[in-house]
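For what it's worth, full-length UniProt numbering labels the leading residue of the sequence shown as 1, then goes sequentially. All C-beta atoms in this analysis are idealised placements derived from N, C-alpha and C, irrespective of residue type, glycine included. Quick notes on the structure that follows.
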Amino acid sequence: MKQDVQNDLVRIKDRLRILDDKKKKVAKIIGITDVYLSYILNGKRPLTTTVKSKLFDYLGLS
Numbered sequence: 001m002k003q004d005v006q007n008d009l010v011r012i013k014d015r016l017r018i019l020d021d022k023k024k025k026v027a028k029i030i031g032i033t034d035v036y037l038s039y040i041l042n043g044k045r046p047l048t049t050t051v052k053s054k055l056f057d058y059l060g061l062s
């Protein structure tokens, strides 16, 4: 399971890089703070299913 979360985070980071979206903009759109998004992406906070779902929807991931 931990590996799945790591894979999800890698996919999210790669997609953000490809889209060249600013974390602040993405965070605002999905309803979290940019600081919280950074914590998630850096492994300091867990990637919840709710946030994962919102990020995947916004980034076009499945």
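- For the pair L37 and L9, the CB atoms are not nearer than the 8 Å cut-off.
- In this structure, Y58 sits near V26, with a CB-CB distance shorter than 8 Å.
- S62 and F56 have their alpha carbons spaced roughly 6 Å apart.
- Secondary structure at L47: coil, using DSSP grouped into helix, strand and coil.
- Between I18 and I12, the alpha-carbon positions lie close to 10 Å from each other.
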